[in-house]
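Taking it in order: structure first as structure tokens, then the write-up.
Residue numbers (my numbering): 3 to 183.
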């Protein structure tokens, strides 16, 4: 996220800015929103198995497609081939209950970045120090405890809200760049 801000601030080429912003938006959608959908799907698929429901490709496709439509609403046109996306996600088979970590890490980073890039210099300093303390801590404690010390509490809405603000900012920037072009 910091590297992205650095690159964006150093290019005046509008087309390059548009490509960078679109890439950042795709990254947010793919690393946060899609992984939340995947984690939700995985949970629902496992619940079916725990309830003794037959697990078939059709059942898994229906569960995935229902979630896909719930997550995207009327923002897109649906292609029936999207319902088998679950079959190409290796984490579902080789590393169950893993995909949520992409979203939690992204949300944690988004909240940390908010302080580091704050307009308030004291907040910036505090954000940088907390981030460096987090890195220095290594694996000395459970990740949730380390994050809390860094100012990120994943049991609150603040981290996902930081992602929403970040996405809103990037979409607004992209709209402005397209308008200028």
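No residue lacks a Cβ here, since even glycine has one placed at the ideal position from N, Cα and C.
Just to confirm before moving on: does the CB-CB distance between residue i and residue j stay below 8 Å?
i	j	result
residue 80	residue 39	no
residue 46	residue 102	no
residue 3	residue 111	yes
residue 7	residue 158	no
Alpha carbon to alpha carbon, how far is residue j from residue i? Give it in angstroms, no decimals.
i	j	result
residue 16	residue 177	12 Å
residue 127	residue 149	17 Å
residue 98	residue 44	8 Å
residue 182	residue 34	29 Å
residue 161	residue 109	5 Å
residue 179	residue 18	10 Å
residue 132	residue 29	25 Å
residue 69	residue 146	28 Å
residue 94	residue 122	42 Å
residue 156	residue 106	7 Å
residue 137	residue 129	12 Å
residue 64	residue 89	12 Å
residue 76	residue 124	42 Å
residue 32	residue 104	9 Å
residue 135	residue 5	20 Å
residue 78	residue 84	12 Å
residue 14	residue 167	24 Å
residue 92	residue 55	22 Å
residue 12	residue 82	42 Å
residue 151	residue 175	32 Å
Provide the residue span of the alpha helix (DSSP H) that contains residue i, from first to last.
i	result
residue 43	36–52
residue 152	Where residue 152 is concerned, there is no enclosing alpha helix (DSSP H), given that its DSSP letter is neither H nor E.
residue 1	Because the chain is modelled from 3 through 183, residue 1 falls outside the range shown and cannot be assessed.
residue 96	93–96
Does any residue of chain D bring its CB to less than 8 Å from the CB of residue i?
i	result
residue 147	You won't find chain D in this structure, because it holds only one protein chain.
Can you tell me the Cβ-Cβ gap for residue i and residue j, rounded? I've got them flagged as a contact below 8 Å.
i	j	result
residue 117	residue 153	7 Å
residue 164	residue 113	4 Å
residue 87	residue 100	The pair is not a contact, with the Cβ atoms about 17 Å apart (cut-off 8 Å).
- Do the segment 48–58 and the segment 24–31 touch if we need at least three Cβ pairs shorter than 8 Å? The segment 48–58 vs the segment 24–31: no contact.
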